[in-house]
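Novice: Okay, handing you the structure first.
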Amino acid sequence: MRSHRPDDTEVNGNLPLELDGFVGRRAELPELARALDASRLVTVTGPGGIGKSRLAARVTGGRRTPPDGVWRVELASVRDPEFVDYAVVETLGLTDHTARLPRETLLAHLAGRRLLLVLDGFEHLVDACATLVADLLGQVPGLAVLAVGRRPLRVAGEQLFVLGPLGEDEAVELFAERAGRQGVTVGDDPHVRELCRRLDGIPLAIELAAGRLGALCPGQLLERLDDRFRLLTGGCRDTLPRHRTLRTAIGWSHELCTPEERLLWSRLSVFAGQFDLEAAEYVCSGGGLHSDDVLDVLSALLAQSVVAREETATGVRYRMLDTVRAYGTEWLEATGDAVRLRRRHRDWYVGLATWCELGWFSPRQNEVAARIEAELPNLRCALEYCLTAPDGAELGRHLAGSLWFCWVGCGRLSEGRHWLERSIELEPGHEHARLKALWVLGYVAILQGDTVPALAALEECRSEAERSANPTAVAYAEHRTGCLALVSDDMPRAERLLRSSLERYQEIGELNSNVLMAQVELAMARAFLGDLPDAVRLCEDVRRVCEDHGERWARSYALYVLAYAAWSEGDPARARELLTDCLACAHAFHDLLGSVLSIELLALVTVTGGDAAEAAVLQGAAASLWPSVGLPLFGSAHFNAPHELCETMVRERLGDERYEECVRQGRALGREAAVSRALGRAHPAAGLPSPRGSERHTEAAHGMQQPAASPTRKGGETAG
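This is the structure:
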């Protein structure tokens, strides 16, 4: 997510807040701003639908931004307390390849920074959020937190800001504004005022009522609502408690829905966060609702403010407010259809992951990365369901393994390891899915620099694969063991294993990004053993195959080797051209390893070109990134050789004092600035993606809209 700037119109976060229609809160806005100036922890509390999130977004968007920005963490779709820390890491755009806990990553990143963290929708995660906030505030003096939820955190130093209903005039103003969106003009008449009073000035309740103006006038709305309230209060006009007012208003809106609308409302509650039309059509159809009718019914719910429509980088998506979704969940449980819907939800996202794995080795690779990122809340929900359902172990392992490209190629190693380890801990069985989860776990652990667990997973995978005569799993286990030997400086063993795995891949007809990476890794081993022409031959072949298939991720690593060869052959201009392409691609995929390797080699190319000071700055920039990757250059003498040579050349030209000064300058750069600097840009370029979660420069993956509902064991281009 982008750091919030003074001219932004919305607060950063997973779900943009609609502020163009912000109405009221003229007194609360300055009061909350003063509270934020006076306290490092302010918690806005109040019942659901009272407008807490919108007020928080408005106040943070209208005040002076801290030097390191305002970052909004949307927690409503986070269901597992373990993922609170991950959600914050994700929002801050951090990529960490190490085995560090996300809390450690956060503390390391926030040290010395000044920013405001907005935790929105935390009430179902109070304990986890309270622990996190206490820890961060205690160790990061420049941090302030604005928490938004229905309950206080009860952390020392917390200042509560209790948000009440809108005043009558502001409530009427909101009703009129929302009526205008329905194409209906309402005046300041007694019916409108009484309706707003009966709804206790609760913004969500008012918006739901205004959503009915296409069919009913304000007087009719008031009459129907008044009848409902009298029934609940025993015939008198006593005011209901505010939480019951909202629940009653939601229930009243629910009653006014058609049977099909009520059915879809309840079924949409299985989604976590956003969803798209295709997912809704598959998951929610059947049993009284045909898939062809879902769009029309969804449109009716949109018109009634039950569902919100959002334009995103991956196309049009929809979401339900948490309060509305919770009401739908209760109805879904009451219908006895909840288990079937959760299974359909699981099947859709297992199919989506399988489809995206196929799409990764194709020209749709960028779109796959964007689509998977948008769907992560639902994928996590599907993984959790698989790994807790009595019969879900096979699908859980399949799903965790199929997402290897997300964990490895898109910089989510820590989360991937979490799911992979959980899936493998389940009862043995379903050999194919288990073997794939094991080699993916080994791959993830290698990239985290955690060699002992990596070797254990790969040895288990190979022994079980040989026992069960699974040649595909044997090939992958051998390949990744060769990769482990490569980063451990055992080049003869690496070459032997990688050659053998490539032969196995050819025998079984396997071709995908992993196979091409095996060839790149073999090229690295050959280069380290002194046969640069063979390394070039191997990587030129990889590049041709990648360009034929539209693959960019494995291609970027081939370009890295080719750039090293170009530098070795005395062509720094060609080396820089290749590395620029390599770095831009790696950064776009949040591949931190590929990024930092490129910057290290660019430093050597830069000093060769005569700019020793800039080379030292780039070395400093790389040094600041390595802690998030793991052991710098794997602790490998071979991978470290370009760095050592560069440092020696720069120190000779600048002297030790000037060298250290330039390195410090590079260390002070953030990841975005470091990449821009390495690419020769003064400022981040528009073509580069922003930190994770912000808008991406990609279109929807039109060819990936219909994933299979069941996994494919062998799709030709799936990995293992």
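Residue numbers (the working numbering): 945 to 1664.
In this text, a Cβ means the ideal position worked out from N, Cα and C, and glycines have one as well.
By the DSSP assignment, the alpha helix (DSSP H) with residue 1258 in it spans what residues?
Specialist: Annotation: residue 1258 is outside any alpha helix (DSSP H) and is labelled neither H nor E by DSSP.
Novice: From 1140, 1171, 976 and 1104, pick the residue whose C-alpha is nearest to that of residue 1115; which is it?
Specialist: 1140
Novice: Quick one: using the 10 Å Cβ neighbour count with 16 as the cut-off for buried, is residue 1028 buried or exposed?
Specialist: Under this definition residue 1028 is a buried residue.
Novice: Can you check which of these residues, 1498, 1204 and 1256, is closest to residue 1234 by C-alpha distance?
Specialist: 1204
Novice: Would you mind giving the Cβ-Cβ distance between residue 1060 and residue 1014, rounded to the nearest angstrom? I have them listed as a contact below 8 Å.
Specialist: So it is a contact: roughly 5 Å between Cβ atoms.
Novice: Pick out the complete beta strand (DSSP E) segments inside the stretch 1255-1306, 3 residues or longer, and give them in chain order.
Specialist: Entirely contained in the stretch 1255-1306, the beta strand (DSSP E) runs reaching 3 residues are, in chain order, 1259-1263.
Novice: Tell me the rounded alpha-carbon separation between residue 1044 and residue 1349.
Specialist: 20 Å
Novice: At what residues does the beta strand (DSSP E) containing residue 1091 begin and finish?
Specialist: 1087-1092
Novice: In the DSSP assignment, find the unbroken beta strand (DSSP E) run with residue 1016 in it and report its ends.
Specialist: 1014-1018
Novice: Would DSSP call residue 1663 helix, strand or coil?
Specialist: coil
Novice: Can you round the beta-carbon distance between residue 1471 and residue 1431 to whole angstroms, since I take them to be within the 8 Å contact cut?
Specialist: Taking 8 Å as the upper bound for CB-CB distance, residue 1471 and residue 1431 are not in contact here, some 14 Å apart.
Novice: I think residue 1042 touches residue 1309, with their Cβ atoms under 8 Å apart; what is that distance to the nearest whole Å?
Specialist: About 25 Å; that fails the 8 Å criterion.
Novice: Beta-carbon within less than 8 Å of residue 1156's beta-carbon, same chain only, minus the 5 sequence neighbours each way: which residues are those?
Specialist: 1165, 1197, 1200 and 1248
Novice: If you draw a straight line from the C-alpha of residue 1569 to the C-alpha of residue 1048, how long is it?
Specialist: 15 Å
Novice: Using CA coordinates, which residue listed in 1311, 1189 and 1171 is at the minimum distance from residue 994?
Specialist: It is 1189 whose Cα lies nearest to the Cα of residue 994.
Novice: Give every residue of the same chain whose Cβ lies closer than 7 Å to the Cβ of residue 1282, excluding the five residues on either side of it in the sequence, and list them in chain order.
Specialist: The residues are 1276.
Novice: Since residue 1460 and residue 1486 are thought to touch, with beta carbons under 8 Å apart, how far apart are those beta carbons, to the nearest angstrom?
Specialist: 5 Å
Novice: Just how far apart, CA to CA, sit residue 1509 and residue 1602?
Specialist: 30 Å
Novice: Count the C-beta pairs between the stretch 1255-1269 and the stretch 1210-1222 that are closer than 8 Å, then say yes if the count reaches three, no if not.
Specialist: yes
Novice: Helix, strand or coil for residue 1064? Go by DSSP, reduced to three states.
Specialist: strand
Novice: Is it true that the CB of residue 1227 sits closer than 7 Å to the CB of residue 1292?
Specialist: yes
Novice: Am I right that residue 1539 and residue 1527 are in contact with their C-beta atoms under 8 Å? What's the rounded C-beta distance?
Specialist: 6 Å
Novice: When you compare the CB positions of residue 1522 and residue 1542, do they come within less than 7 Å of one another, or not?
Specialist: no
Novice: Could you spell out the range, first to last residue, of the alpha helix (DSSP H) harbouring residue 1119?
Specialist: Judged by DSSP secondary structure, residue 1119 falls within the alpha helix (DSSP H) whose first and last residues are 1112-1125.
Novice: Does residue 1326 come out as helix, strand or coil in the three-state DSSP assignment?
Specialist: When DSSP states are grouped into helix, strand and coil, residue 1326 belongs to the helix group.
Novice: Can you give me the C-alpha to C-alpha distance between residue 975 and residue 1109, rounded to a whole angstrom?
Specialist: 15 Å
Novice: With a cut-off of 8 Å on the beta carbons, I'd call residue 1363 and residue 1339 a contact; round off their distance for me.
Specialist: That pair is no contact at about 12 Å.
Novice: Mind the definition here: the stretch 1398-1416 touches the stretch 1378-1387 only if three or more C-beta pairs lie below 8 Å; say whether that holds.
Specialist: yes
Novice: Using a Cβ-Cβ cutoff of less than 7 Å, which residues in the same chain neighbour residue 1663 once the five nearest sequence positions on both sides are dropped?
Specialist: Around residue 1663: 1301, 1348, 1456 and 1458.
Novice: Identify, in the order they occur along the chain, each residue of the same chain with its Cβ nearer than 6 Å to the Cβ of residue 1561, setting aside the five sequence neighbours on each side.
Specialist: 1606, 1609 and 1610
Novice: For residue 1491 and residue 1279, I'd like the C-alpha separation in whole angstroms.
Specialist: 52 Å
Novice: Less than 6 Å between C-beta atoms, sequence neighbours within five positions excluded: which residues of the same chain meet that for residue 1312?
Specialist: 1300, 1303 and 1304
Novice: Could you tell me the alpha carbon to alpha carbon distance between residue 1638 and residue 1136, rounded to whole angstroms?
Specialist: Confidence at residue 1638 is low in this model, with a pLDDT of 36, below 50, so the placement of that residue is unreliable and no value is reported for it.
Novice: Measure the CB-CB distance between residue 1423 and residue 1462 and report whether it falls below 7 Å.
Specialist: yes
Novice: According to DSSP, which residues form a beta bridge with residue 1218?
Specialist: Note: residue 1218 sits in no beta bridge, so no partner.
Novice: Going by DSSP, what residue range makes up the alpha helix (DSSP H) through residue 1104?
Specialist: Careful: residue 1104 lies outside any alpha helix (DSSP H), inside the beta strand (DSSP E) at 1103-1106.
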